[in-house]
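Numbering (UniProt numbering), first residue to last: 1 to 220.
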């Protein structure tokens with residue numbers, strides 16, 4: 001049996017062996033670490049998940065208004081290797097009616113947003129402002145025609161066959177949209193697609209008026 005002196009020595013050793021708490025990090029170091037984590041998370045989200053876009057023109061009226069702010073799903077059609085057009089995980093392409101953001105075929109530095117009208121293999125034709133797909137006239141409740149005048153390429157176009165890996169896209173505001181009817185490179189390549197429009201997270205009419213009724217509405 002240990003005596004009192006032995007118990008006292010053991011307790012002293014335990015006190016000596018107790019680990020000291022680590023010194024607290026400088027607040028500035030903690031701030032830098034928090035900022036670094038936030039930046040990395042933001043880059044991951046922006047690269048692989050969603051990205052915000054603003055509508056600057058009326059080419060998609062009435063579906064999208066000037067001043068709408070959208071979130072775009074970047075993995076709807078696959079996951080790309082960052083800063084490339086190559087897919088890490090490829091999924092099926094857009095479907096008829098999808099509203100997509102993509103690199104403008106005639107200038108990849110500019111992003112456009114339009115509605116998918118033709119997918120690979122479709123034959124698209126415009127006759128007197130009516131769109132025909134594979135010989136069938138489309139019912140398009142979203143389409144707007146605001147100009148009673150006539151323009152050859154705008155109002156009568158095609159027929160054209162959509163090649164593999166490509167899409168024929170039109171703006172909903174048909175008389176005031178620069179789209180597949182006018183581009184030098186008619187079709188949108190799948191690898192140039194940024195993503196599919198999800199919903200409106202903010203909307204401003206001018207600089208002061210908020211369109212509360214549009215906030216949170218899904219894009220379709």
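C-beta atoms are modelled at their ideal positions from N, C-alpha and C, and glycine is treated no differently. In this text, all values refer to a predicted model and were calculated from it rather than measured experimentally.
*asked:* Report the start-end ranges of each beta strand (DSSP E) in the segment 62-133 that is 3 residues or longer and not cut off at the edges.
replied: Correct list: 68-73, 78-80, 87-90, 99-104, 107-118, 123-127 and 130-133.
*Go ahead and pull the three-state DSSP assignment for residue 199.*
In the three-state DSSP reduction, residue 199 falls in the strand class (E or B).
*Cα-Cα separation between residue 151 and residue 124, rounded to whole angstroms*: One C-alpha to the other measures close to 18 Å.
*Got a sec? Which residues, its chain only, sit under 8 Å from residue 54 by beta carbon, not counting five neighbours each side?*
Same-chain partners within the cutoff: 67, 68, 69 and 70.
*asked:* If I follow the unbroken beta strand (DSSP E) through residue 160, where does it start and stop?
replied: That run of the beta strand (DSSP E) goes 157-161.
*So what does residue 51 bridge to, in DSSP terms?*
72.
_C-beta contact flag for residue 218 and residue 199 at 8 Å_ = Taking 8 Å as the Cβ cut-off, residue 218 and residue 199 qualify as a contacting pair.
*Pair within 8 Å by beta-carbon distance, residue 99 and residue 113*: Note that the C-beta distance between residue 99 and residue 113 is below 8 Å.
_Please classify residue 83 as buried or exposed, where buried requires at least 16 other C-beta atoms within 10 Å of its C-beta._
That one is exposed.
*Does DSSP put residue 137 in a helix, a strand or coil?*
Of the three classes helix, strand and coil, the one that applies to residue 137 here is strand, per DSSP.
*asked:* Rounded to whole angstroms, what is the Cα-Cα separation between residue 202 and residue 163?
replied: Taking C-alpha positions only, residue 202 is separated from residue 163 by approximately 36 Å.
*State the start and end residues of the unbroken beta strand (DSSP E) segment that holds residue 166.*
In the DSSP assignment, residue 166 falls within the unbroken beta strand (DSSP E) covering 166-170.
*Check whether residue 118 and residue 137 have beta carbons under 8 Å apart*: Not in contact: residue 118 and residue 137 (Cβ atoms no closer than 8 Å).
*In the structure shown, what three-state DSSP assignment does residue 176 receive?*
In the structure shown, residue 176 sits in a helix (DSSP, three-state: H, G or I).
*What residues in its chain sit with their C-beta under 7 Å from that of residue 61, if we drop five residues either side in the sequence?*
Same-chain partners within the cutoff: 144, 172 and 173.
*Give a yes or no on whether the C-beta atoms belonging to residue 59 and residue 176 are separated by under 8 Å.*
Yes, these two residues count as a Cβ contact at 8 Å.
*residue 105 versus residue 129: straight-line alpha-carbon distance, rounded*: Between residue 105 and residue 129, the C-alpha separation is close to 23 Å.
*Given residue 91, which residues of its chain have a CB within under 7 Å of its CB, disregarding the five upstream and five downstream residues?*
77 and 78, listed in sequence order.
*DSSP three-state call for residue 204: helix, strand or coil?*
If DSSP states are grouped into helix, strand and coil, residue 204 belongs with the strands.
*If you count every other CB in all the chains shown that lies within 10 Å of the CB of residue 64, and 16 or more means buried, which is it?*
Buried is the call here.
*Return the chain-ordered list of same chain residues with a C-beta closer than 6 Å to the C-beta of residue 103, the five sequence neighbours on each side being excluded.*
Within the same chain, residue 103 has close Cβ partners 192.
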